[in-house]
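This note's numbering runs 7 ahead of the 1-based position in the sequence shown.
Cβ atoms here follow ideal geometry from the backbone N, Cα and C, with glycine treated the same way.
The structure appears below as structure tokens.
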Amino acid sequence: MDEVIYDLDSVQPFTMHQAISTPKTTVADRAARAQKASASPDDCIVEIHPEQNVPFVPTLRKRTLSQSSTASATSTASAYPVVNEETSIETLLANLRAMVNGYTGGTSNNPAKRYYFPATKLAAANSLLDELEKKIKTQQPQEPVHNRVHSEELAHTGVQTSPPHKRVQIPVPPAPLPSYAQVAANNSKKLHTILLYPKEGQENPLPIRNLLQTELNQRKEGIKIAATRTIRKNGLAIDCTTRTKAANDLLHTNIKEIQPDIIAIQDPYTQDHKLNGFPTRWNSYTSNNLKAAILIPNAFLRTVLISKRTNTVAIKIQLRNFPLTIISAYSSPTENIQLTLQEITEILASLQNENILLGADLNGHNTLWGYKENDTRGNNILDFILANELFLLNNPYGPPTYTRNQNQWWPDLTLLSSRIATLNPYREVLETPSLSDHKYILTTLTATSTNSMYRRYKTLHGNHKKFLNFLSPQIEQISNQISNISSQQHLNDTTKDLQQLIINACNHAYKKKQVNFIPTPNWWNQALEVEKKRLRALRRRAQRATSNERQARFIQESKEKAIYKKKVKHARTSGWHQFCTAATNPYGKHYKAAFRKGVFPSQLAVLANSQPTDSLTTIANNFMDDMFPQPDYTVDYSLQQTLTQDDPLFTKQEVTYAVKHLPAGKATGVDGIDNLVIKIIHNKFPHLLTSLYNKCLTLGSFPDTFKIGNIVFFQKQGKDPSLSSSYRPISLLPAMGKVLERLLTQRLTYHLEQTGYISERQFGFREGYSVDTALDSLLTKIKEARSTAKHSIVLSIDIKGAFDNLHHEAIMKALSSSQSPANITKVFNNLLQNRKVTVQTPTGPIVREQRKGCPQGSCSPLEPCSQQRIEHSLARERPRAYRTSPTAALQVLTGLPPLHLQLQQEVRYITLTRLHNPLPPEIIDIKPTQIEPKAKGWTLHPSLFLNPKQISMTNGGPESITDTGATHIFTDGSKTDDGVGAAYCVYNNKILTHQWKGQLHKHNTVFQAELTALKEAIQYASENLKNQQVKVYIDNQASLYAIANPKTKAQMVRQIFKHLIDSPNIQVSWIKAHVDYPGNEKADELAKEATTSGHPYPVLLPTTHIKTLLKTRLLKDWQELWKKGDTGRPVHKVLPKVSLYAQNW
8 MDEVIYDLDS VQPFTMHQAI STPKTTVADR AARAQKASAS PDDCIVEIHP
58 EQNVPFVPTL RKRTLSQSST ASATSTASAY PVVNEETSIE TLLANLRAMV
108 NGYTGGTSNN PAKRYYFPAT KLAAANSLLD ELEKKIKTQQ PQEPVHNRVH
158 SEELAHTGVQ TSPPHKRVQI PVPPAPLPSY AQVAANNSKK LHTILLYPKE
208 GQENPLPIRN LLQTELNQRK EGIKIAATRT IRKNGLAIDC TTRTKAANDL
258 LHTNIKEIQP DIIAIQDPYT QDHKLNGFPT RWNSYTSNNL KAAILIPNAF
308 LRTVLISKRT NTVAIKIQLR NFPLTIISAY SSPTENIQLT LQEITEILAS
358 LQNENILLGA DLNGHNTLWG YKENDTRGNN ILDFILANEL FLLNNPYGPP
408 TYTRNQNQWW PDLTLLSSRI ATLNPYREVL ETPSLSDHKY ILTTLTATST
458 NSMYRRYKTL HGNHKKFLNF LSPQIEQISN QISNISSQQH LNDTTKDLQQ
508 LIINACNHAY KKKQVNFIPT PNWWNQALEV EKKRLRALRR RAQRATSNER
558 QARFIQESKE KAIYKKKVKH ARTSGWHQFC TAATNPYGKH YKAAFRKGVF
608 PSQLAVLANS QPTDSLTTIA NNFMDDMFPQ PDYTVDYSLQ QTLTQDDPLF
658 TKQEVTYAVK HLPAGKATGV DGIDNLVIKI IHNKFPHLLT SLYNKCLTLG
708 SFPDTFKIGN IVFFQKQGKD PSLSSSYRPI SLLPAMGKVL ERLLTQRLTY
758 HLEQTGYISE RQFGFREGYS VDTALDSLLT KIKEARSTAK HSIVLSIDIK
808 GAFDNLHHEA IMKALSSSQS PANITKVFNN LLQNRKVTVQ TPTGPIVREQ
858 RKGCPQGSCS PLEPCSQQRI EHSLARERPR AYRTSPTAAL QVLTGLPPLH
908 LQLQQEVRYI TLTRLHNPLP PEIIDIKPTQ IEPKAKGWTL HPSLFLNPKQ
958 ISMTNGGPES ITDTGATHIF TDGSKTDDGV GAAYCVYNNK ILTHQWKGQL
1008 HKHNTVFQAE LTALKEAIQY ASENLKNQQV KVYIDNQASL YAIANPKTKA
1058 QMVRQIFKHL IDSPNIQVSW IKAHVDYPGN EKADELAKEA TTSGHPYPVL
1108 LPTTHIKTLL KTRLLKDWQE LWKKGDTGRP VHKVLPKVSL YAQNW
């Protein structure tokens, strides 16, 4: 069938020429053929024809799928205008040259034919035309200097992309021409093939091909050169592909069906120098050029990185009887095959004849794996196979692994070592649609892998009652064991018994966590699954069809494949859109999925100073020896006699506070007991953990079972995986041990802060200190030095592996010099002894003693006690607008102030409230001393908590009427347009005996008014009603929650807390407002009167008032910018006033 070629839409500044080589030339016939061709998949050809003395002009051609699989190099002629009296000399000359070099004539009744000038006279005729052009002084366009492909370069290489029978176009005015890569990029969605034609007398178009490859690699359109093949007239056809992104997306769903343990992939889709389109929870290993990769979807499979080179990557897994090394390699057809083969050979030599499985795309031809002929690359590959005694698993009569249109190739090889051949390996080329020219290859080995993992429980799904029912009968016995502990060994044994009891209860009540092998993406649906099966059936029918029907069936299969690809892309996009639309929290799962990529633990790797031989256990031992080296000195753990007093025992409220603030969803230690289980146990049996921890404090001992940390490694981004310094070890400790560490840490921190042992220049790991305060301190020092004409020197030091290399003796000396309580010092000294770290391998855990430093993840004083994070939200709903919409107008429409104004507001707020530095009066006329500061640390000693009976959250209204044996005090606060007031009234035997009213500043809050009334009431009771039972009522529950918190930030709340600690006869209860309780109604009446007639009562301004003032200032500055702006004036006419709320536009 004749090739049908027609023009695509003109794209300036390219010169598009019509090229029809079909007998029918009528307009109707051309339109019909164009419509027929457009119904095929969007494939097009970039045909490069640099004309003689004319700039290189890329030409786009579109072909139907009915054309031959080998790209045709048939030269086509241009359609020139009809010659008449008005035709210019230049046009006549161009037409004459066209007739000399080849002219297509004919009508609708006379089929078109191509006439060639005699080859022996062609050169003389063109030379004569050149002389004629010079005589008539026809100006020829010059090639642009900035064109990437220069004429000089092509002349040097001797390559030209014009066919032997030159085609001449009418000269066009010179215009800036893009490079070949730009032409390809502008048509990346339709790009199919690039045709290069050599100059006469030359047979090597590869230099231009290499130049094109270099330019394509520098672009972001994802265009890749898939294959290069020779065509007629010494031309070169370059097959391009931009389809690997869709192939990556579909792989996630196909894996659900195939169920592989390991995926070796070559030339995958990459973006920003990393793999794209695969789940982040998969362990992935890539070569240095990202052309070869190995993916591990099976979360239970333990792997070790053996080697990572330019074109190859190798990992090792542990089978039941021996280790197996898996290698993935890729060699481009345009690169030297020996480079990749040399890399593989070096890996094989380092493994010393171990078991090997190699999956590679080497692009070599040989009859042993399916090709009809051999080439040099194929012979080199065969020599490599024989030299290394590998077994070729490919079937020479098997189906092709790479198909494009109707072309078939067998570039993918599966090689095994001779010992693996005894495991009955089986290789199958699957027909599962991949949306790629390559097919899936499934290799199966009759072997099982060994695995060993720590237990994990599904505690979030209920069954807590079943857990407690199993635990309850044995609590009394274990409690008696804890009470009878008298030595450190007895403590260790009892702790093990308690752990085992909890583990048995978990095994009885909870299911163990099973990692979902391949969860189906949320965008995949049943319709796509049906389409995939139908596409697979079409492929099988095309392969089994007769020779007469095969071509038509393959065309139908290609069309359906293109449609299926679009459906997958649409489903993935719409699925993400629905996922984001259904989200209610703007910083929920969709935000984390888009902007906070999950970081998962890394698998082990063979370090640079180790050998990749032996089992995974041996490699893990070498890795642990390098990560946790033993000190070359002897650590003396003997504790000097301390003269300090012991700290008081832990109270039940203190332990409850620590357990309550355990974070949810944290990884568990080696025992598998998570934080939720600890909370359930403590809520039901609060005395159990309290008595255990107090025994630890009394004996000055930390149980050995709490010192075992499960180590997971995280590879630092961009670091060499063969270096131990490229990994960050994280220690996962038992949950019960974390609670004890938290209790000890807060006791020690309180002591160090109270005694002033911590330097004021330390800003890390301290509550209330951060980067802001550190920078402010540094700038203050610099300003002071400059004011006195002194120089300032700033020295920045980064201590490498600070936590991992701390000497234990230095820690003990620091604790002793701090004069910390004796029992606290003893426990921390014991905590540093017998510490162990373990890492899990397929054959079991590997344990190492840790005699220096401490991995991250502990709550000990080597780790930060708390971590603060301040986030200022600047995100809003993104408006739908044109790309050219003015930014200023979009900001007004969405209610989103300019970024520089928001940053300016944040800086002013931090300067005034945290750094306590004044702002210029024209910005805000408030001094830092007028603002209520935030308190730090504990109000009193961590062991001091309010008696649970002193705070009641139940409604005390009925009791306030019936109880006559106690004095009742009612408090209230009020804020009206007239001001802010606070008041309380005292009732004794239902008789009003005392009342108080205070007037606060109009900028104080209702919360401050409520606290003021409560503070004055408690202070009155502590001074005048010391020997009486006093009950104070307040109708604001937020105040009660604040009072019960021993680490509250409000200074006034801390004063109330201290009063209640000193006055246990005072009880505070919530009372329901506006229910006609006489005392509460009277307090409400007094509070409203206090807004205008109360005694002046100074209270520092809240930070919320500062935010309001700064927000007002921001709106003023924004309004001024909007008023004087140059853009968005049409919107300004409609919305002249800015607002912090989105407009209904």
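Unbroken alpha helix (DSSP H) run spanning residue i, endpoints
i, result
"Asn701", "Pro693 to Leu706"
"Phe561", "Ser554 to Thr588"
"Leu452", "From DSSP, Leu452 is part of no alpha helix (DSSP H); its letter is neither H nor E."
"Val677", "Looking at the DSSP string, Val677 is not in any alpha helix (DSSP H), and its letter there is neither H nor E."
"Trp1125", "Thr1110 to Lys1131"
"Phe398", "Taken as a continuous stretch (DSSP letters only), Phe398 belongs to no alpha helix (DSSP H), being part of the beta strand (DSSP E) at Leu397 to Leu399."
"Ala512", "Gln495 to Ala516"
"Ala306", "No alpha helix (DSSP H) contains Ala306, which DSSP labels as neither H nor E."
"Arg548", "Gln533 to Arg551"
Beta-carbon separation (whole angstroms), residue i vs residue j, contact threshold 8 Å
i, j, result
"Ile265", "Thr439", "7 Å"
"Ser729", "Val613", "7 Å"
"Gly902", "Ala1149", "5 Å"
"Ile388", "Asn373", "7 Å"
"Leu1047", "Val1075", "6 Å"
"Phe398", "Leu423", "5 Å"
"Asp979", "Asp1091", "5 Å"
Selected residue, minimal CA-CA separation from residue i, among the options
i, options, result
"Leu282", "Gly366, Ile269 and Lys298", "Lys298"
"Asn1151", "Leu922, Leu900, Leu348 and His1081", "Leu900"
"Ser645", "Gln840, Thr287 and Ala796", "Gln840"
"Leu442", "Gln415, Val1060, Leu611 and Arg411", "Arg411"
"Lys833", "Ile818, Gln660 and Ile448", "Ile818"
"Val1154", "Asn836, Pro828, Leu1018 and Gln863", "In the structure as shown, the chain starts at 8 and stops at 1152, and residue 1154 therefore has no counterpart that could be examined."
"Gly1005", "Lys997, Gln506, Gln1015 and Gly988", "Gly988"
"Thr920", "Gln911, Lys934, Pro927 and Pro928", "Lys934"
"Glu816", "Phe835, Gly851, Asp979 and Arg855", "Phe835"
"Phe635", "Lys576, Arg735 and Arg541", "Arg735"
"Asp500", "Asn255, Leu699, Ala1051 and Lys691", "Leu699"
"Ile1162", "Lys1123, Gln957 and Gly986", "Residue numbering for the chain in the displayed model covers 8 to 1152; residue 1162 lies beyond these limits and cannot be assessed."
"Ile715", "Glu774, Val854, Phe561 and Gly469", "Val854"
"Pro1100", "Pro1143, Asp985, Met1059 and Leu1147", "In the sequence under discussion, the amino acid at residue 1100 is Ser, which differs from the Pro named in the question. Among Pro1143, Asp985, Met1059 and Leu1147, the Cα nearest to that of Ser1100 is on Asp985."
"Leu1032", "Thr1110, Ala1016, His1066 and Thr1055", "His1066"
"His758", "Gly725, Ser799, Thr946 and Gly672", "Thr946"
"Ile687", "Lys472, Asp419, Val436 and Lys1054", "Lys472"
"Lys568", "Gly582, Ser581, Ala549 and Thr553", "Ala549"
Range of the contiguous beta strand (DSSP E) that encloses residue i
i, result
"Asn362", "Asn362 to Asp368"
"Gln273", "Ile270 to Gln273"
"Pro330", "Pro330 to Tyr337"
"Ser479", "Element bounds for Ser479: not the beta strand (DSSP E) but the alpha helix (DSSP H), His471 to Ser490."
"Lys323", "Thr319 to Gln325"
"Gln415", "Asn414 to Trp416"
Which parts of the region 714-786 are runs of the beta strand (DSSP E), unbroken and 3 residues or longer, counting only runs that do not cross its ends? 715-722 and 734-739
Do the region 997-1006 and the region 1108-1120 meet, that is, are 3 or more Cβ pairs less than 8 Å apart? no
Counting Cβ pairs, one atom from each stretch, are 3 or more of them under 8 Å apart for the region 302-319 and the region 465-484? no
Sequence ranges, alpha helix (DSSP H) only - wholly within the region 957-1042, length at least 4: 964-969 and 1013-1031
Assess contact between the region 368-385 and the region 401-421, defined as three or more Cβ pairs (one per stretch) separated by less than 8 Å. Is contact present? yes
Within the chosen definition, does the region 647-662 reach the region 679-686 through at least 3 CB pairs nearer than 8 Å? no
Three or more C-beta pairs under 8 Å: does that hold for the region 310-318 against the region 338-347? yes
Could you pull out every unbroken alpha helix (DSSP H) segment of at least 4 residues lying fully inside the region 1048-1112, listed in chain order? 1058-1069 and 1085-1100
Complete runs of the alpha helix (DSSP H) confined to the region 806-867 [at least 4 residues]: 815-824 and 829-838
Is there contact here, the region 962-978 with the region 1037-1055, by at least three beta-carbon pairs under 8 Å? yes
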